[in-house]
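Residue numbers (my numbering), protein chains in the order written: chain X, 1 to 324; chain E, 1 to 324.
See below for the structure under consideration.
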DNA sequence: CTGTTAGCGCCTTCAA
DNA sequence: TTGAAGGCGCTAACAG
């Protein structure tokens, strides 16, 4: 089913078929003949051929640390919608939280796509620099990297975490334990920084290494409790949910015995028991913003650095007055 | 960075470069020259050109109803691993639980890929038939469609649900409410059938329409409770988790006041409060099985229909003796 | 407005 | 074992 067969069936040249398919002006009578021939034969242009001659694949690559994290999923879905509207597909790669694989994955992806969106990349700046040199069509989501000139859309992770700490402070909490995320994640750094700043408001914080997943949250609780906190602040909702299950195993009531916060506001956060106090990162706007940036740079326009998106705090049932 | 530049740099013909890249026999001295030239220039073959000439893209398409469902994610990850090992990429499309979009999405995907894996497709059999005619390289996961000859790997949804019902019966439950999934899903049909069969063992079952997601589970509880069940049987873990949150809102204790089951054993099931009694669908084996089938048909071999995979029941804390 | 033609980068006969 | 040459399907000049 090639352009040749359609051309023959319609009695025109292949150039005319090509024009019809790409919506260029063709005498309507011919155009109709071509369209019906294409319809009959079920013709669809070969993307490889189109890609070869045009140098474009109408595809953007997306790298995420973990597809199973509903948060990344939300960003991805929003990005997908906008990309599809513009006739672009997305090729998604999951780095499995492996910061050492990210560069390799990204470079490989770059062979097949016209642009690359890195969501919460953990790779070192030097790696980002390598990518930036290999292609100008690279944008960042939730990673602010200075000096590389990469267009970026990100949420104000620092501000969100600070707000959460303020909320806890107002509830009378004085001693927190922070369940830290992966050290290589920008959001992790920002959130940690915010928690450190909270000390200025009289909060005493213990830092406990955890990680990005449910299991990590679950496993970090015991160490966190050795610091006798009245509230647990988790790197994200997944970690918080894992912590919640461990607290339950220990017969600790949330929030009566101990308060708990997450961040991201994934769907599960609203449905856990108790429901989770968290901050609602605007997944949709991140996804839309990412598409806006990548489509701009692919079009050769200069994408502006957008300001940080604000994450609204959502107070639910997992936080309460400090136990004494 | 074309094959031409490498050939010139190495002082050989492009045919030789091509042979080296594809591992054909070339005098080792030349091969070394080519490899180092390719290395220096950072040459990577253009996939569009390769695809055009070979007719293959080394890519398989995967259609899932909802990428945010951790269950599909698990299947996908396993499939990805095996595909990557064989040098294939996956192009994933999310049908957003829209059974009417699935055919269109699949046909479109088929343009770009060498094979198509449909995970839990909801589209009608006629649509599957259309796809089967357009390409022989289509396989099914968790959808048994008779008479189409499509290679299939699926979990024994019927048996798993029956086992769950037996578990509840042994706990003394007599009156269940089943929170149904999407009518178009094969697993939904199978599970419903199992629940109906459970009636033969003295279980009285009320069928309540729900859907596939957390929100659906949450919203279906009130109607389910009008039937005064002692146990809620959910279409899947997501629905069960949603139901759990609603039960909590109603101050009903699980399992003291009412028991609850899911299916799939997604990660959250272990970490909910209470942890969820469910059946562990072998995501990894489904994914690996799907790759086995699709790689076989792509190679022109005839893929055998594999027998149904068994899902092990996992009894946790959400089920207990029937309240009276 | 339409057809002819020259490649896009690569693989693969076919000769040497 | 190697090189020359044709062609995969399509788009984009360039003529007409």
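Yeah, the Cβ is synthetic: ideal placement off N, Cα and C, and Gly gets one too.
Item	Value
On the premise that residue 281/X lies in contact with residue 112/X, defined as a C-beta separation below 8 Å, what is that separation, rounded to the nearest angstrom?	That belief does not hold up - the Cβ atoms of residue 112/X and residue 281/X are roughly 29 Å apart, past 8 Å.
The alpha helix (DSSP H) that contains residue 268/E, what's its start and end?	267-271
Got a sec: is the Cβ-Cβ distance from residue 17/X to anything in chain E below 7 Å?	no
Of all the CB atoms in chain E, is at least one closer than 7 Å to the CB of residue 235/X?	no
Are the C-beta atoms of residue 44/E and some chain X residue less than 7 Å apart?	yes
Taking the alpha helix (DSSP H) that residue 166/E falls in, what are its first and last residues?	157-170
Taking Cβ-Cβ distances shorter than 8 Å, what residues in chain E pair up with residue 242/X?	271
Are the C-beta of residue 220/X and some C-beta of chain E separated by less than 7 Å?	no
Using the C-alpha atoms, what's the distance from residue 84/E back to residue 91/E?	12 Å
Name the residue from 177/X, 89/X, 264/X and 62/X whose alpha carbon lies nearest to the alpha carbon of residue 93/E.	89/X
For residue 19/E, collect the residues of the same chain with a Cβ closer than 6 Å to its Cβ; drop the 5 residues on either side in sequence, then sort them by chain order.	26
Taking just the CA atoms, how far does residue 206/X sit from residue 1/E?	52 Å
Around the Cβ of residue 283/X, are there at least 16 other Cβ atoms within 10 angstroms (buried) or fewer (exposed)?	buried
Does residue 48/X get closer than 7 Å to chain E when you measure Cβ to Cβ?	yes
Would you mind listing the alpha helix (DSSP H) stretches within the segment 189-254 of chain X that are 4+ residues and don't spill past its ends, in chain order?	214-225 and 237-249
With a threshold of 16 other CB atoms inside 10 Å of the CB of residue 180/X, please say whether the residue is buried or exposed.	buried
Give the list of continuous alpha helix (DSSP H) stretches no shorter than 4 residues that lie fully inside the segment 71-143 of chain E.	102-110 and 125-134
Determine whether the beta carbon atoms of residue 230/E and residue 175/E lie at a separation below 7 Å.	yes
Identify, in the order they occur along the chain, each residue of the same chain with its Cβ nearer than 6 Å to the Cβ of residue 274/E, setting aside the five sequence neighbours on each side.	254, 317 and 318
Quick one: using the 10 Å Cβ neighbour count with 16 as the cut-off for buried, is residue 152/E buried or exposed?	buried
Quick one: Cα of residue 127/E to Cα of residue 288/X, how far?	32 Å
In chain order, what residues of the same chain have a beta carbon less than 7 Å from the beta carbon of residue 223/X, not counting five sequence neighbours either side?	208
Whole angstroms are fine: how far does the CA of residue 4/X sit from the CA of residue 41/X?	11 Å
Taking Cβ to Cβ, would you say residue 286/X is nearer than 7 Å to residue 141/X?	yes
Is residue 326/E close to chain X, meaning its C-beta is less than 7 Å from at least one C-beta of that chain?	Within the shown structure, residues of chain E are numbered from 1 to 324, placing residue 326/E beyond reach of any answer.
If we cut at 7 Å on Cβ distances, does residue 70/E have a partner in chain X?	yes
Are any of the Cβ atoms in chain E nearer than 7 Å to that of residue 214/X?	yes
For residue 59/X, which residues of its own chain have a beta-carbon under 8 Å away from its beta-carbon, when the five flanking residues on both sides are left out?	88, 89, 90, 91, 112, 113 and 114
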